[in-house]
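Structure first, commentary second.
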């Protein structure tokens, strides 16, 4: 398939199977038998989404976040220092600072509190990062570390956060919080503004962005890197992405394979796929697998969507090199 890199979820790996087991395997690369670049998040997004959604799930303090495990209800404290330590235990190549991830409707005072935490924690993360680099003898080839710019829809707050993070100094900077508003609309103005706050010699990481059209628009603004659950989550629900075969076009189609019209569609899932599974199995068969709740349906749909996204990013890079984007 040609997958070049993957991202792992620090929060979930910390809780299950546990960092000790992954350390025993000599890191996530060995645990997964993955020989290419591996990134991790800070664990913050999952923790904060749980706590902001329901205060009974935990508590946010100046030191970090106390939260309850989604698996067994046990209580845990995640701090910026611990987040960096966990990411080094995973042995990843790209890390993200622990930040305070607020919902869009938190209000200005809540957003200011988020920025205060994000900046203070970024300083702790950078300090612990330097300690861990020395401890693991990685000074010649250290992991990449990202700071995350928070501030919601307020440009002044985004600028305040960005300036403070730039003073600390990171390899790249991420867009904090979801890149769409409460109604799911692409936040073009604040995304463009935040991108311009980041120097051109730093990597711009648009955390959580994943719809194809949104990625293309964000690339035009200068964003370089993206991660999102959309390809796999949509696949689990039978939603498949397909490229429209027009020269130099980024147009695509999204199809719900569970729709009744595919019950008798015996054409290949994707006749142009590099994967024999997608060239040889029919849409009717995949429709049947979803209706029968056979686990194979998720694998096939996921392969289709991952291949689509890999092709999309390859074509985006080609368009940039050719001066079309």
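Numbering (our numbering), first residue to last: -19 to 305. Glycine residues also receive a C-beta, built at the ideal position from the N, C-alpha and C atoms. Predicted model only: the values in this text are computed from it and were never measured.
Residue pairing from DSSP places residue 234 in a beta bridge opposite 221. Residue 132 is positioned such that its CB atom lies closer than 8 Å to that of residue 91. Residues of the same chain with a CB within less than 7 Å of the CB of residue 7, apart from the 5 flanking positions on each side, are 70, 71 in chain order.
Counting every other CB atom within 10 Å of its CB across the protein chains shown gives residue 41 a total below 16, marking it as exposed. A distance of 8 Å or more separates the beta carbons of residue 193 and residue 222. Taking 8 Å as the cut-off, the Cβ atoms of residue 278 and residue 225 do not count as close. Sixteen is the threshold: since fewer than 16 other Cβ atoms of the shown chains lie within 10 Å of the Cβ of residue 252, the residue is exposed. Between the C-alpha atoms of residue 29 and residue 49 there is a straight-line separation of about 13 Å. For residue 271, the enclosing alpha helix (DSSP H) has its first and last residue at 263 to 271. Note on geometry: alpha-carbon atoms of residue -6 and residue 53 lie some 14 Å from one another. Counting along the chain, residue 70 sits inside the alpha helix (DSSP H) bounded by residues 60 to 70. Closest option to residue 244, judged by alpha-carbon separation, among 268, 183, 83, 235: 268.
The Cβ atoms of residue 32 and residue 82 sit closer than 8 Å to each other. With respect to the 8 Å criterion, residue 73 and residue 142 are not classified as neighbours on the basis of their beta carbons. With contacts defined by Cβ atoms closer than 8 Å, residue 230 and residue 186 do not form a contacting pair. Annotation for residue 118: no residue places its beta carbon closer than 6 Å to its own, counting only its chain and skipping 5 residues before and after. Given a length threshold of 3 residues, each whole run of the beta strand (DSSP E) inside the stretch -6 to 51 is given here in chain order: 18 to 20, 38 to 40, 45 to 48. Residue 97 is positioned such that its CB atom lies no closer than 8 Å to that of residue 157. The criterion of a C-beta distance shorter than 8 Å is satisfied by residue 77 and residue 126. CA-to-CA, the gap between residue 170 and residue 302 works out to about 28 Å. For residue 288, the enclosing alpha helix (DSSP H) covers residues 276 to 301.
Looking at the DSSP output, residue 55 bridges to 48. Comparing alpha-carbon positions, the option among 180, 282, 197 lying closest to residue 167 turns out to be 197. A distance below 8 Å between beta-carbons, with the five flanking residues on each side excluded, links residue 247 to the following residues of its chain, in chain order: 262, 263. Cα atoms of residue 209 and residue 190: separation of roughly 7 Å, rounded to the nearest angstrom.
Remark: C-beta atoms of residue 124 and residue 151 approach each other more closely than 8 Å. Distance between residue 140 and residue 104, taken at the CA atoms: about 18 Å. In this chain, the alpha helix (DSSP H) harbouring residue 113 covers 88 to 115. In the three-state DSSP reduction, residue 172 falls in the helix class (H, G or I). With respect to the 8 Å criterion, residue 220 and residue 241 are not classified as neighbours on the basis of their beta carbons. Residue 129 sits buried, since 16 or more C-beta atoms from the chains shown fall within 10 Å of its C-beta. Straight-line spacing of the CA atoms in residue 57 and residue 39 works out to 9 Å. If you compare the alpha carbons of 153, 116, 114, 110 with that of residue 99, the shortest gap goes to 153.
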